[in-house]
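Take any residue in the sequence shown, count from 1 to its spot, add 1243: that is its number in the numbering used here. Below is one structure, written out as structure tokens, with a few remarks after it.
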Amino acid sequence: MPFTLRPLKNIDDALRHFIQQLDLEMVELLLKEMPEDDQGEQQDLLRRLERAFNYFKDQGDEQLNVIEGKCTKCFPSSSGFYFVGNKSKAHMHLLFHRNDAGILSVFECTNFKTQYTYKHPGKRVYLEDESFRIFTLGDINEDDVPF
């Protein structure tokens, strides 16, 4: 059964669903109810997701398709998802990792693999600030800087 049709049984399913829908308000509501390892971690994630969602929407995407995958290095027992824009085919990989205390962290994974590979993937949408600026948006031309 595709992930878009799965029932939302837990917080992980709900987060995945609302990320697919590019619904930052619902992601924020869900995260508010969850404990966090480091103070400010959720606000940083929300800021980065907002930027990524805006990028997807600017590319014409109305929602994200999803393929389940996993980390091949640091957290191989954690589940993750390859989110792909329904029009642009731009994509991002997010890992949903629970630590020993059961606290969920959602973050970008650089060692992410799925069983399925797109033949013509769009641009990767990075969450990390510098990678987003350089690789997702493209390097900034010094002539474009107003100062």
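Each residue gets a CB set at the ideal place from its N, CA and C atoms; glycine is no exception. Being a predicted model, the structure only gives us computed values, none of them experimental.
If the five residues before and after residue 1270 are omitted, its C-beta is found closer than 8 Å to the C-beta atoms of 1258, 1261, 1262, 1289, 1292, all from its own chain and listed in chain order.
Looking at 1321, 1268, 1348, the one whose alpha-carbon comes closest to that of residue 1357 is 1321. Leaving aside the five residues that flank residue 1316 on each side, the residues in its chain whose CB is nearer than 6 Å to its CB run, in chain order, 1354. Take residue 1255, set aside five residues on each side of it, and the residues of its chain with a beta-carbon closer than 8 Å to its own are 1322, 1339, 1347, in chain order.
In the structure shown, the three-state DSSP call for residue 1354 is coil.
A residue is called buried when at least 16 other Cβ atoms come within 10 angstroms of its Cβ; residue 1282 does not meet this threshold and is exposed. Taking C-beta separations shorter than 7 Å and ignoring five residues to either side along the sequence, the partners of residue 1306 in its chain run 1263, 1264, 1265, 1329, following chain order. For residue 1324, the uninterrupted beta strand (DSSP E) run begins and ends at 1322 to 1328, by DSSP.
Secondary structure note for residue 1310: its beta strand (DSSP E) is the uninterrupted segment 1307 to 1314.
In this structure, the beta-carbon distance from residue 1310 to residue 1359 falls below 8 Å.
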